[in-house]
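Peer 1:
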Amino acid sequence: MPSGNVIRGARVGSAPMRPDERHQPAPRQDVTYWCRNDHRTDIRIAADAEPPAVWDCPRCGLPAGQDAQNPPGRVRAEPYKSHLAYVKERRTAEEGEALLAEALAALRRRRGE
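No gaps in the numbering here: position 113 of the sequence shown is 154 in the working numbering, and each next residue is one more.
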């Protein structure tokens, strides 16, 4: 059972929460982004970093740009492709038939047919 003189949430040797006097924070710049729904998003990035041209709006998820009068449009989502669709992009029908025949021949050899 704890005694009444315990300070909760502290440990021996802990110091108050304050910035360390031994360093200076890196210089930063404020960048404002606007989306099509007039949502304003302010971010802080390093002063020597190039701000990205597009930032996702945290409120609606639309892309946001730095020009409030002309924000970027909706990004067209790539439709779902099955594994077969990707294979058909890489191979012709003749190549597919040749691979299938080769795989069937190997299977028949293993089965002893």
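Each residue gets a CB set at the ideal place from its N, CA and C atoms; glycine is no exception.
Please report the distance separating the alpha-carbon of P112 from that of D89.
Peer 2: Numbered from 1 along the sequence shown, position 71 holds the residue referred to as residue 112. Numbered from 1 along the sequence shown, position 48 holds the residue referred to as residue 89. So the alpha carbons of these two residues sit roughly 24 Å apart.
Peer 1: Quick test of the definition: if touching needs 3 or more C-beta pairs under 8 Å, does the region 124 to 132 touch the region 88 to 104?
Peer 2: No, the region 124 to 132 does not touch the region 88 to 104.
Peer 1: What are the start and end residues of each continuous beta strand (DSSP E) run of 3 or more residues lying completely inside the region 52 to 106, in chain order?
Peer 2: DSSP runs (the beta strand (DSSP E)) wholly in the region 52 to 106: 69 to 75, 81 to 87.
Peer 1: Between the Cα of I86 and the Cα atoms of P68, R77, N78, H80, which residue gives the shortest distance?
Peer 2: Taking the first residue of the sequence shown as position 1, residue 86 is located at position 45. Of the listed residues, the one whose Cα sits closest to I86 is P68.
Peer 1: DSSP three-state call for Y121: helix, strand or coil?
Peer 2: For the purposes of this step, residue 121 is identified with residue 80 of the sequence shown, where counting begins at 1. In this structure, Y121 counts as coil in the three-state DSSP scheme.
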